[in-house]
Amino acid sequence: MAKTISLTINGKRITTVPGTTILMAARQVGIRIPTLCYHPRLSATGSCRVCMVEVRGRPTLMPSCTTTVEDGMEVVTANDRVLEARRLIVQLLLASGNHNCLTCQSNGACELQKLAYDLGIEALAFPARSSGYPRDDSNAMIERDPDKCILCSRCVRACQEVQVNEVLDFGYRGRRSKIVTAWDLPYAESDCVFCGECVSVCPTGALTEKQAKFQGRPWELKKVRTTCPYCGTGCQLDLNVRDGRVVKVTSDTLHGPPNYGSLCVKGRFGYDFIHHPDRLTAPLVRHKEGFRKASWDEALDLVASRFSQIKQSYGADALAGLSSARCTNEENYLFQKLMRTAIGTNNIDHCARL
Ligand code: FES
């Protein structure tokens, strides 16, 4: 039988398996410990110290996200000592930079803001000092604001461990510390492929979607789950809609296949075509001077009659069908069925094979 470990958290007896962290053990029984640098998809670094708890017999507070449980352990997650330490940490983070919540894109979704609220922090205990680093909006997709960065390294780990692009890391030292690309180049000039994984894990407004800026507060957005149409992988994404317009794309399927919360550059940022004025919204039929708008009935009747003419004149093998990776398996199945049975040819292929 597998060995188990027994401990108490806030007086509650818990039995779990060796290797479990205090944070995980607490979550298993519904005890909430706040976190900042911890993210369920990333390795734990224990760097922010917000998740500190008191463990009986240990002289210092312990980070619950990196401390594993031991038999007989007695843990307290929120006494005066713990809360005082947490408040001090959050106060120092609030003072390190310029966390201007008023117009921050992450207002309402910022984990630091929520922590300050939960801990009852009404005013800064220390004067805020700007990082002195300028904003990086060198590209069309991601805006980086070092003044809102708390150096939690979630973006670094997401880039290294999830996307394995290894574009980001820590640069400089002490107060000058900063998350940088190689040679501290702007994103646009770096090796970044703009998957936006860094944006999706950022707990503050340091990394935000540029196209979504001033397009809607988090609480104004309705999320609509859909399947990405760009390729055949079928990533699950959430269209963030405000007043009938898609203003942002996210993916909240952290534990669900096939993408587990990740998206590529097209899925996350390639949605501007949806409301683009040049987007085709009706079939066009070619005539002498160019194209004219037609109804779907007219367009489909025309295609069917021309296909019939070609088939009668030259035989079914004069026609061929090329299907799309954007279609579902079922649609692709129906398409090959249409070509083989209705048209009568085996000339059928699929763009994903090219
Ligand atoms: Fe545990 Fe940051 S969440 S140290």
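Each position in the sequence shown, counted from 1, maps to that position plus 530 in our numbering.
Virtual Cβ for every residue (Gly too), placed ideally from N, Cα, C.
By the Cβ-count criterion, P676 is buried, with 16 or more other Cβ atoms from all chains shown falling within 10 Å of its own Cβ. Collapsing the DSSP output to three states places D667 in coil. D601 and I561 have their alpha carbons spaced roughly 19 Å apart. Shortest Cα-Cα distance from V547 to any of L624, A556, G627 involves A556. Going by DSSP, F700 is part of the beta strand (DSSP E) stretching over 699 to 701.
Following the DSSP letters along the chain, one finds Q558 inside the alpha helix (DSSP H) bounded by residues 552 to 558. Distances from the CB of T565 to the heavy atoms of the ligand FES include at least one below 6 Å.
In this structure, E750 sits near R772, with a CB-CB distance shorter than 7 Å. When the Cα atoms are used, V605 and R775 turn out to be separated by approximately 48 Å. P733 is classed as buried because its beta carbon has at least 16 other beta carbons within 10 Å across all chains shown. Sequence-distant partners of S636 (beyond 5 residues in either direction) whose C-beta falls short of 7 Å from its own C-beta, in its chain, are T734, G735, T738.
Across the structure, C857 and G762 are spaced so that their CA atoms are roughly 7 Å apart.
Straight through space, the alpha carbons of V580 and L618 are spaced by roughly 9 Å. In this chain, the beta strand (DSSP E) harbouring K752 covers 752 to 757.
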